[in-house]
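**Student:** For any residue, its number in the numbering used here is found by taking its place in the sequence shown, counting from 1, and adding 372. Heads up, the beta-carbon is just placed ideally off N, CA and C, and yes, glycines get one too. Please find one structure pasted underneath; my questions will follow.
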Amino acid sequence: MLNFHLTDDQLSLRERARQFAVAHVLPVAWYYDEKDEIPVKVLDKAMDAGFMNADIPAAYGGQGVGLLEAALVTEEMAAACPGIATSIFDSSLGLEPLILSDNEALKKKIFARVLLEGSRVSFATSEPTMGSDVSGIRCEARDAGDHYLLTGTKYWITNGGVSHFMSVFATVDPKAGHAGIGAFLVDMQCHGITVGKPIPKMGQRCSNTVGVHFNQVKVPKTQVLAEPGQGFALAMKTFARTRPIIGAFAVGAARSAMEFALDYAKKRRAFGSPLSDFQAIQFKLAEMYQKVETARLLTWKAAWKADQGQDPTIDASIAKFYATEAAWEVVDEAMQILGGYGYTKMFPVEKLMRDIRLLRIYEGTSEIQRLIVSGWLLSSYKPAMPPLEDLPLHREVDPETSPDQTAWRCRVCGYVHYGEAPPEVCPTCFFPVAAFKNG
Ligand SMILES: Cc1cc2nc3c(=O)[nH]c(=O)nc-3n(C[C@H](O)[C@H](O)[C@H](O)COP(=O)(O)OP(=O)(O)OC[C@H]3O[C@@H](n4cnc5c(N)ncnc54)[C@H](O)[C@@H]3O)c2cc1C
Numbered sequence: 373m374l375n376f377h378l379t380d381d382q383l384s385l386r387e388r389a390r391q392f393a394v395a396h397v398l399p400v401a402w403y404y405d406e407k408d409e410i411p412v413k414v415l416d417k418a419m420d421a422g423f424m425n426a427d428i429p430a431a432y433g434g435q436g437v438g439l440l441e442a443a444l445v446t447e448e449m450a451a452a453c454p455g456i457a458t459s460i461f462d463s464s465l466g467l468e469p470l471i472l473s474d475n476e477a478l479k480k481k482i483f484a485r486v487l488l489e490g491s492r493v494s495f496a497t498s499e500p501t502m503g504s505d506v507s508g509i510r511c512e513a514r515d516a517g518d519h520y521l522l523t524g525t526k527y528w529i530t531n532g533g534v535s536h537f538m539s540v541f542a543t544v545d546p547k548a549g550h551a552g553i554g555a556f557l558v559d560m561q562c563h564g565i566t567v568g569k570p571i572p573k574m575g576q577r578c579s580n581t582v583g584v585h586f587n588q589v590k591v592p593k594t595q596v597l598a599e600p601g602q603g604f605a606l607a608m609k610t611f612a613r614t615r616p617i618i619g620a621f622a623v624g625a626a627r628s629a630m631e632f633a634l635d636y637a638k639k640r641r642a643f644g645s646p647l648s649d650f651q652a653i654q655f656k657l658a659e660m661y662q663k664v665e666t667a668r669l670l671t672w673k674a675a676w677k678a679d680q681g682q683d684p685t686i687d688a689s690i691a692k693f694y695a696t697e698a699a700w701e702v703v704d705e706a707m708q709i710l711g712g713y714g715y716t717k718m719f720p721v722e723k724l725m726r727d728i729r730l731l732r733i734y735e736g737t738s739e740i741q742r743l744i745v746s747g748w749l750l751s752s753y754k755p756a757m758p759p760l761e762d763l764p765l766h767r768e769v770d771p772e773t774s775p776d777q778t779a780w781r782c783r784v785c786g787y788v789h790y791g792e793a794p795p796e797v798c799p800t801c802f803f804p805v806a807a808f809k810n811g
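Structure below.
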């Protein structure tokens, strides 16, 4: 049964997240953006309120919330500040490889610690010389008996400077591509880890983004999330579950930009009327709302599919690239409606624009999502329509004289010929008789 209703529990979770976001995230967002600093206190509050690490499964003592619930919470946080939302959500990204891993002993140990100590977990595939091409990882994991030694640099790591654990993807052989990649849960207190200076960014300045260097960091084999050769697949499965959440970031940010524009359009007057009286502005608002709604539906569908235990890969990619690109268009129109004020740092739209530009880049760029969807379409999509050359032909050209005529279709140009035999040459494309197929 198809059902778009949220349950009472989901509605109350969303309401709690909304109240939290308006009370604790919105007021500090511009202050920390200006300071280019992560508000760790807000992360702690989010942890205390149960909005971080909420996806640790109930079997390990966690809340075990589904992706749909995570999308509801994320939309609210991102509506207040996409940067702080990134930092709140990042721990889920960091935990996902462990949730998906089959290392039961590690799950029991780490989930218990994370819950008890309120730990933050970050995620690291990217490096200074690779991002999209995960198979190009160079950070090395050298087998040293009962442990691995990690050496290399991870780059762009969200919360890298404030996390307690990190899911690190590294390779036993940089030349082996996918086949060499494994995943390791690293305690950030380990000897040999150096955290770089925060990377100065255009937006999402309330989130911490750093490079992290590993110099022969000892990781016990008990902390392997995926054996060498299995790490690439684990990274892809992780992204399939976290990309719907990037869709939720986009929905939240676009929704708040639309709401600010709606408010402004009703109050600002030009040529003797409120802006909202002008049809050009009304149409912009209608299209902004249409994009927010569409993006939310795609996001929820991908999250729902994952919660049903189905593979969400394609829906997740569609949700991510649609929602993040739609959000850019919505925020751009919001800036247009606010006119000069939209372009200032005194109203929120300028920050939203800087913040959401990142959504089309991290966790797989828009181009990578298109590659995933087109790759699947070309290899696995099951069409309902017959192939062009097998299109059924209408045979009753004249029901009186010839009720069931033989028909031939030219496979090159689609021309249909009626008669006992095909023509020697196609009269439109001039291909010879062999091009004709009996339909
Ligand atoms: C603020 C921020 C936070 C981040 N947080 C994290 C994090 O926590 N953990 C982590 O591991 N990473 C993180 N990243 C890294 C992020 O995931 C990468 O930046 C992203 O995957 C793109 O990789 P890249 O920057 O190396 O670009 P590249 O892979 O070099 O790509 C450059 C351009 O080429 C395009 N391109 C590449 N290959 C193809 C192709 N085959 N066909 C068509 N176009 C292609 C890309 O789409 C892009 O437009 C973060 C990045 C930023 C900026």
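(1) Is tyrosine 734 near ligand 3, with its Cβ less than 8 angstroms from a heavy atom?
(2) Just to confirm, does threonine 594 get its C-beta within under 8 angstroms of one of the non-hydrogen atoms of ligand 1?
(3) Suppose only complete runs of 4+ residues qualify. What are the alpha helix (DSSP H) ranges in the region 399–456, listed by chain order?
(4) Do proline 616 and alanine 675 count as a contact pair if the criterion is CB distance below 9 angstroms?
(5) To the nearest angstrom, how far is it from the Cα of valine 506 to the Cα of proline 500?
(6) Near phenylalanine 461, what residues of its chain come up, given a Cβ to Cβ distance below 7 angstroms and the 5 sequence neighbours on each side ignored?
(7) Is the region 740–752 in contact with the region 669–683, if contact means three or more CB pairs nearer than 8 angstroms?
(8) Out of Ala629, Lys638, Pro546, Leu634, which one is the CA nearest neighbour of glycine 601?
(9) Three-state secondary structure (DSSP) at histidine 766?
(10) Which residues share a DSSP beta bridge with glycine 524?
(11) At a cut of 8 angstroms, does the region 584–591 reach the region 420–438 through at least three beta carbon pairs?
(12) Could you spell out where the alpha helix (DSSP H) holding aspartate 559 opens and where it closes?
(13) Between which two residues does the beta strand (DSSP E) harbouring aspartate 366 extend?
(14) Please report how far the alpha carbon of valine 544 lies from the alpha carbon of leucine 470, in whole angstroms.
(15) Any heavy atom of ligand 1 closer than 8 angstroms to the beta-carbon of methionine 502?
(16) Tell me whether arginine 577 sits in a helix, a strand or coil according to DSSP, three-state version.
(17) Please list the terminal residues of the continuous alpha helix (DSSP H) segment that includes arginine 388.
(18) Say the cut is 8 angstroms; is the CB of glutamine 682 nearer than that to a heavy atom of ligand 1?
(19) For phenylalanine 604, collect the residues of the same chain with a Cβ closer than 7 angstroms to its Cβ; drop the 5 residues on either side in sequence, then sort them by chain order.
(20) So, using beta-carbon positions, are isoleucine 709 and leucine 657 closer together than 9 angstroms?
(21) Taking 9 angstroms as the cut-off, decide whether the C-beta atoms of serine 459 and asparagine 531 are in contact.
(22) I need the DSSP call for histidine 519, collapsed to helix, strand or coil.
(23) Could you check whether the region 521–540 touches the region 573–580, counting it as contact only if at least three pairs of C-beta atoms, one from each stretch, sit closer than 8 angstroms?
(24) Here's a check: name, in chain order, each residue in its chain whose Cβ is nearer than 6 angstroms to the Cβ of lysine 378, leaving out the five neighbours to either side.
(25) Closer than 8 angstroms to a non-hydrogen atom of ligand 1 - does that hold for the CB of tyrosine 528?
(26) What residue from Leu750, Ser491, Lys639 has the CA that sits closest to methionine 560's CA?
(27) Which of the three DSSP states is assigned to isoleucine 744 in this structure?
(28) Please report the straight-line C-alpha distance between glutamate 735 and phenylalanine 611, rounded to a whole angstrom.
(29) Mapping the DSSP letters down to three states, classify alanine 756 as helix, strand or coil.
(30) Look up threonine 530 in the DSSP assignment and give the residues it is bridged to.
(31) Among the candidates Lys723, Tyr753, Leu763, whose CA atom is the shortest distance from the CA of glutamine 362?
(32) What are the start and end residues of the alpha helix (DSSP H) that includes threonine 566?
**Tutor:** Put simply:
(1) Of the ligands this structure carries, namely ligand 1, none is ligand 3.
(2) No - ligand 1 has no heavy atom lying nearer than 8 angstroms to the Cβ of threonine 594.
(3) 412–420, 439–452
(4) yes
(5) 12 angstroms
(6) Thr446, Ile617
(7) no
(8) Pro546
(9) coil
(10) Phe586
(11) no
(12) Aspartate 559: not part of any alpha helix (DSSP H); member of the beta strand (DSSP E) spanning 553–559, first to last residue.
(13) For the chain, the structure presents residues 373 to 811; residue 366 sits outside this window and is missing.
(14) 20 angstroms
(15) yes
(16) coil
(17) Per DSSP, arginine 388 is one residue of the alpha helix (DSSP H) stretching across 380–392.
(18) no
(19) Val506, Ser507, His550, Ile553
(20) yes
(21) yes
(22) strand
(23) Between the region 521–540 and the region 573–580 there are three or more inter-stretch CB-CB distances shorter than 8 angstroms, so the stretches are counted as touching.
(24) The question names lysine, yet the displayed sequence has leucine at residue 378. For leucine 378, where only same-chain residues beyond five positions count, there are no Cβ hits under 6 angstroms.
(25) Note that residue 528 is tryptophan in the sequence shown, not tyrosine. Closer than 8 angstroms to some heavy atom of ligand 1: that describes the Cβ of tryptophan 528.
(26) Nearest of Leu750, Ser491, Lys639 to methionine 560, Cα basis: Ser491.
(27) helix
(28) 7 angstroms
(29) coil
(30) Thr581
(31) No answer is possible for residue 362: it lies beyond the span of the chain, which begins at 373 and ends at 811.
(32) Here threonine 566 belongs to no alpha helix (DSSP H); instead the beta strand (DSSP E) covers 565–567.
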